[in-house]
Every structure is written in C-alpha cells, then in structure tokens.
Amino acid sequence: KALVYVYRIATNHKVVMGRYSVEPDNATKSCKARGSNLRVHFKNTRETAQAIKRMSLRRAQRYLKNVIAKKEIVPFRRFNGGVGRKAQR
Numbered sequence: 004k005a006l007v008y009v010y011r012i013a014t015n016h017k018v019v020m021g022r023y024s025v026e027p028d029n030a031t032k033s034c035k036a037r038g039s040n041l042r043v044h045f046k047n048t049r050e051t052a053q054a055i056k057r058m059s060l061r062r063a064q065r066y067l068k069n070v071i072a073k074k075e076i077v078p079f080r081r082f083n084g085g086v087g088r089k090a091q092r
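In our numbering, the protein residues as written are 4 to 92.
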C-alpha cells in the first residue's frame, strides 16, 4: 500500500474506476430492465435476452410469440454443454 500511495503522490495521478455500462445512442428509443427475486432460470433468461438484444420492439414481441408457438427457437450459445455429471439427491 505504501508504494501505491507514494506513486499517487509523486505522479499526482488520480485513480478513477472504469465504467462498465454503455450509454445508449438514442435514449428515447432504448430501455433498460432489471429484475430481482424472480422465479425464472438464469440460463434461459440470459439466452432469451441475448436473442432479442438488437431487435426492434415489434420484432422482439413477434419473435417471443413465435417462440411460445414453437415456430422459432431461442439459440443457446453459452450454456449448451448438456447434462452435468453430479448425482442428484
């Protein structure tokens, strides 16, 4: 800690935390969503969100209705490894 503190004083450098979110280009045509304590599976929710990420609102609504009707699918890209090898109790 002492070396870092001396370094900050010697260089007069201010440490700023990085930003991990991106502001939208057009705030009137974008939205953010967050949920907590929802009774949903994380993996299914993550893959669905990735599938509708860049779609327009009408296209996303039509897509989700088609998924319910089993006309279109939600591609699982990250969590597609199959069944785990741990015995269930």
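Glycine is no exception: its CB is placed at the ideal position from the N, C-alpha and C atoms. Please read these numbers as outputs of a predicted model, since none were measured by experiment.
Residue i to residue j span [Cα, whole Å]
i: His44; j: Arg81; result: 14 angstroms
i: Tyr66; j: Ser59; result: 10 angstroms
i: Cys34; j: Lys73; result: 27 angstroms
i: Ala38; j: Asp28; result: For the record, residue 38 in the displayed sequence is Gly; it is not Ala. When rounded, the distance between both Cα atoms is 23 angstroms.
Contact check, residue i vs residue j, beta carbons under 8 angstroms
i: Ile55; j: Ala63; result: yes
i: Thr48; j: Val77; result: no
Residues of its chain near residue i, where Cβ-Cβ distance is below 8 angstroms and the 5 sequence neighbours each way are ignored
i: Glu75; result: Tyr66, Asn69
Cut-off 6 angstroms between Cβ atoms - residues of its own chain near residue i, not counting five sequence neighbours on either side
i: Leu6; result: Residue placement at Leu6 is poorly supported in this model, since its pLDDT is 46, which falls under 50; the coordinates still yield a value, given next. Nothing listed; no residue qualifies.
Nonlocal neighbours in the same chain, by C-beta distance under 7 angstroms from residue i, ignoring five residues either side
i: Lys46; result: Phe82
Q. What are the start and end residues of each continuous alpha helix (DSSP H) run of 4 or more residues lying completely inside the segment 55-81, in chain order?
A. 60-71
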